[in-house]
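Numbering (full-length UniProt numbering), first residue to last: 1 to 228.
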């Protein structure tokens, strides 16, 4: 079990650092569905004591992405497709609504920030949609829309359940055309700039639909990752 270790933020607590790192490794599939995890080993890799690691695992167990068994240990939960669909539904409802709201709230500075983000995405186009830097820009793009819509805490809130969707998304990213994803982002920005709320909603719905994959296809490719 080898984690991908991000840099720790200034003034970030041990618990928050452990939680962020574990989330990223679960979504990125360095910690695979069904795999056992050791508090001692995690703590050693993170340079932390066991307490913040245990607290992070407990927090992740609340959203059913980690399973904890007393006297036995902890494991990364296998994929539960009902939770994946709940997360996808939530994102679809909220992100489409946010795209509409942005049309009446985006300032010139907001639009400039979104366009700069899309321009940076294009610089990674040849690396593919699985590029870590591209995925970071993609997350930042969506977070910025929630900020413009004055709903930043909603974005934070959906992150807890979205982990189920994001993990499956990362299993199937090789099937997604990065050019279409970037063009979606660009079109959404221009719809927001034009104040066309209906168009912005429609484009966001199209964009999110690109990551919807039939359960049976994922099960066929990764049968050991799924719960019974």
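All C-beta atoms in this analysis are idealised placements derived from N, C-alpha and C, irrespective of residue type, glycine included.
Predicted, not measured: the structure shown is a model, and the values here were computed from it.
Chain-order list of residues whose beta-carbon lies under 7 Å from that of residue i (same chain, five-residue window excluded)
{"i": "residue 43", "result": "49, 50 and 53"}
{"i": "residue 158", "result": "90, 91 and 94"}
{"i": "residue 110", "result": "148"}
{"i": "residue 23", "result": "163"}
{"i": "residue 140", "result": "117"}
{"i": "residue 151", "result": "98"}
Nearest-angstrom beta carbon gap, residue j and residue i [assumed within contact, 8 Å]
{"i": "residue 145", "j": "residue 96", "result": "About 11 Å separates the two Cβ atoms, so there is no contact after all."}
{"i": "residue 47", "j": "residue 224", "result": "With a Cβ gap of about 31 Å, residue 47 and residue 224 do not count as contacting."}
{"i": "residue 303", "j": "residue 63", "result": "Residue 303 is absent from the structure shown; the chain starts at 1 and stops at 228."}
{"i": "residue 170", "j": "residue 28", "result": "6 Å"}
Beta carbon proximity, residue i to chain D, threshold 8 Å
{"i": "residue 137", "result": "The chain labelled as chain D is not found in the depicted structure, where only one protein chain is given."}
Alpha carbon of residue i to alpha carbon of residue j, nearest angstrom
{"i": "residue 122", "j": "residue 138", "result": "11 Å"}
{"i": "residue 227", "j": "residue 11", "result": "38 Å"}
{"i": "residue 13", "j": "residue 166", "result": "24 Å"}
{"i": "residue 6", "j": "residue 127", "result": "21 Å"}
{"i": "residue 210", "j": "residue 183", "result": "12 Å"}
{"i": "residue 68", "j": "residue 61", "result": "7 Å"}
{"i": "residue 222", "j": "residue 26", "result": "15 Å"}
{"i": "residue 196", "j": "residue 115", "result": "17 Å"}
{"i": "residue 168", "j": "residue 212", "result": "9 Å"}
{"i": "residue 104", "j": "residue 194", "result": "10 Å"}
Proximal residues to residue i (C-beta, below 6 Å), its chain only, five neighbours per side dropped
{"i": "residue 81", "result": "215"}
{"i": "residue 133", "result": "124"}
Can you give, in chain order, each stretch of the alpha helix (DSSP H) that sits fully within the stretch 77-144 and has at least 4 residues? Within the stretch 77-144, the runs of alpha helix (DSSP H) at least 4 residues long that lie entirely inside it are, in chain order, 81-102 and 108-123.
Contact the stretch 177-195 vs the stretch 203-220: 3+ CB pairs below 8 Å: The stretch 177-195, when compared against the stretch 203-220, does touch it at the 8 Å Cβ threshold.
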